[in-house]
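Numbering (this note's numbering), first residue to last: 975 to 1424.
C-beta atoms are modelled at their ideal positions from N, C-alpha and C, and glycine is treated no differently.
Shown next, in structure tokens, is the structure this report addresses.
In structure tokens form, the structure reads like this:
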């Protein structure tokens, strides 16, 4: 039987000694002759029975006195919990993406490195991936999670906070959901007691919690624990600005070369390069979004008798583009609709009025079209940027900022959702109602939201 009575306190003692010596894990590995992985396993408690010789090598490299060495060798564990059978540990991660994530390699490497490193003392830092609909946030976090799952032997929990056809998860509902997955004591009826239970559990175990489709900081905050052994990985639909300490990665459309490579990986090199102009047209119609390109690639792979020009011709007309980009249960329109439906009503109404605006636009372009004043236009653009509906396309020399709708969002609001009520204005015209009492009420709602 492995000696579990010395692991946790020993891990803390080693970290404290290394930090006091101002050494990184790499520095300590070089001085002691142990591998970085061996040191990491000792500091995270993954090594159940550390060898005495390894501890002596570390003590020498750290310059500990004989008294400190003796204390290190007999360090007791602050907790003594029995091992849970492996079949009771949660392993909830959906399947990893098939094939490589083109254009996301650096992000995957960076996120895995963060999750593999013990959090900064005093704060568990969540890893957050933010991006517009169709950017491949879920695939990215799953690729990262599968690469580090072995570092979290007490289980991996996965929660989709906005599953189809159900109400979104409230923070308290999420706390109970994760406690059920982790097992042990049933969740307390009192919400605050349940949160305390979850914090205690996450501080004692090595658990990876992956949250998909997060829409607010409040959904993540109950999982943050000081000096946590566990880690939190988040795919968010909007910026989580109030979430302090986060390690944030913003993703968007792929570069032109990566987008072509993704299509080529799915369709085949020979077939793609034989119709290079059609492939370029498909990439352009898909807005270089991974989800749209994946759907296009699957459509072509399932139809080897069809040419790339067949698909390119179908996607040229943007009025039919969004409904056509659907294969099985994959749908670009559904992805955008899920993000659109959680927008506050006045923000969604203003967004629909921008659907007919092509290319870049600034505050002056929005004023009088989607917002009645310049200040409200600034607030509206900040809100749309925060919710990953727009992005900054250019910052001019005079300091003016130019924005652009993400292409999938523009297509959706222009062709796939109901616009403002018809009042006789020309179809597709971007408009703002006159300053009536009804409009003033709408302005107040917008101020409240932004």
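Review point. Where does residue 1419 sit, in a helix, a strand or coil, going by DSSP?
Key: Bear in mind that a pLDDT of 42 at residue 1419, under 50, signals an unreliable position, so the model cannot answer this.
Exercise for review: Tell me whether the beta-carbon of residue 1336 lies closer than 7 angstroms to the beta-carbon of residue 1376.
Suggested key: yes
**Study point:** Through-space distance from residue 1040 to residue 1208, alpha-carbon basis
**Key:** 45 angstroms
Check your understanding: Out of curiosity, what's the CA-to-CA distance linking residue 1354 and residue 1389?
Key -> 22 angstroms
Check your understanding: In terms of residue numbering, what span does the beta strand (DSSP E) encompassing residue 1364 cover?
Key -> 1364-1369
Check your understanding: For residue 1062, does the count of other Cβ atoms within 10 angstroms reach 16, so buried, or fall short, so exposed?
Key -> An exposed status is given to residue 1062, since fewer than 16 other beta-carbon atoms sit within 10 Å of its beta-carbon.
**Study point:** CA nearest to the CA of residue 1386, picked from 1033, 1251, 1069 and 1305
**Key:** 1305
Point to revise | Cβ distance (whole Å) where residue 1145 is taken to contact residue 1113 below 8 angstroms | key: The Cβ separation is near 26 angstroms, so there is no contact.
**Study point:** Same chain, Cβ closer than 8 angstroms to residue 1154, five either side skipped, listed in chain order
**Key:** 1161
Check your understanding: Quick one, which of 994, 1266, 1205 and 1081 has its alpha-carbon nearest residue 1225's?
Key -> Among 994, 1266, 1205 and 1081, the Cα nearest to that of residue 1225 belongs to 1081.
Exercise for review: Tell me where the alpha helix (DSSP H) around residue 1451 begins and ends.
Suggested key: What is shown of the chain runs 975 to 1424, which leaves residue 1451 out entirely.
Exercise for review: Taking 7 angstroms as the cut-off, decide whether the C-beta atoms of residue 1131 and residue 1115 are in contact.
Suggested key: No, they are not a contact pair.
Check your understanding: By a C-beta neighbour count over all protein chains shown, 10 Å radius and 16 as the cutoff for buried, is residue 1096 buried or exposed?
Key -> With a pLDDT of only 40 at residue 1096, under the threshold of 50, the placement of this residue in the model should not be trusted; the figure read from the coordinates follows. Residue environment for residue 1096: exposed (fewer than 16 other C-beta atoms within 10 angstroms of its C-beta).
Point to revise | Rounded C-alpha distance that separates residue 1307 from residue 1391 | key: Here the C-alpha atom of residue 1307 lies approximately 10 angstroms from the C-alpha atom of residue 1391.
**Study point:** residue 1076 in three-state terms, based on DSSP
**Key:** Coil.
Check your understanding: What three-state label does DSSP hand residue 1164 in the structure shown?
Key -> In this structure, residue 1164 counts as coil in the three-state DSSP scheme.
Check your understanding: Going straight from the alpha carbon of residue 1077 to that of residue 1105, what length do you get?
Key -> 14 angstroms
Practice item. Per DSSP, which residues does residue 1223 bridge with? Please list them. Key: 1103
Practice item. Put residue 1379 into one of helix, strand or coil per three-state DSSP. Key: strand
Exercise for review: Taking the CB atoms as reference points, tell me whether residue 1271 and residue 1227 lie closer together than 7 angstroms.
Suggested key: No. Outside cutoff.
**Study point:** Span separating the alpha-carbon of residue 1188 from that of residue 1333
**Key:** 29 angstroms
Review point. Excluding sequence positions up to five away, which residues of its chain have a Cβ less than 7 angstroms from the Cβ of residue 1234?
Key: Non-local beta-carbon contacts of residue 1234 in its own chain, meaning distances under 7 angstroms to residues more than five positions away in sequence, involve 1253 and 1257 in chain order.
**Study point:** Contact test: residue 1317 Cβ vs the ligand PLP heavy atom, cutoff 6 angstroms
**Key:** As for the ligand PLP, it is missing from this structure, which has no ligand bound.
Check your understanding: Thinking C-beta only, is residue 1169 closer than 7 angstroms to residue 1196?
Key -> yes
Practice item. Would you give the residue range spanned by the beta strand (DSSP E) that residue 1187 belongs to? Key: 1182-1188
Check your understanding: Can the beta-carbon of residue 1193 be found closer than 7 angstroms to that of residue 1156?
Key -> no
Point to revise | Coarse secondary structure for residue 1006, derived from DSSP in three states | key: Helix at residue 1006.
**Study point:** Cβ neighbour criterion (16 or more within 10 Å) applied to residue 1231
**Key:** exposed
Exercise for review: Can you check the segment 1301-1328 for any alpha helix (DSSP H) of at least 4 residues that lies completely inside it and give the ranges in chain order?
Suggested key: Within the segment 1301-1328, complete alpha helix (DSSP H) segments of at least 4 residues are found at 1306-1314 and 1319-1327, given in chain order.
Practice item. Alpha carbon to alpha carbon, how far is residue 983 from residue 1052? Give it in angstroms, no decimals. Key: Reliability fails at residue 1052, whose pLDDT of 43 lies under 50, so the model's placement of it is uncertain and the value that follows must be treated cautiously. Roughly 6 angstroms between the two C-alpha positions.
Check your understanding: Is residue 1171 buried or exposed, if buried means 16 or more other CB atoms sit within 10 Å of its CB?
Key -> Around the beta carbon of residue 1171, 16 or more other beta carbons sit within 10 angstroms, so the residue counts as buried.
Review point. Which residues in the same chain as residue 1049 place their Cβ atom closer than 8 angstroms to its Cβ, once the five residues preceding and following it in sequence are excluded?
Key: Excluding sequence neighbours, residue 1049 sits near 980, 983, 984 and 987.
Check your understanding: Under 7 angstroms, do residue 1263 and residue 1382 count as touching if we go by C-beta distance?
Key -> Their beta carbons are under 7 angstroms apart, which means residue 1263 touches residue 1382 by this criterion.
Point to revise | Residue burial classification, residue 1266 (beta-carbon count within 10 angstroms, cutoff 16) | key: buried
Check your understanding: Helix, strand or coil: how does DSSP classify residue 1205 here?
Key -> strand
Check your understanding: For residue 1038, which residues from the same chain have a beta carbon less than 8 angstroms from its beta carbon, with the 5 sequence-adjacent residues on both sides left out?
Key -> 991 and 1046
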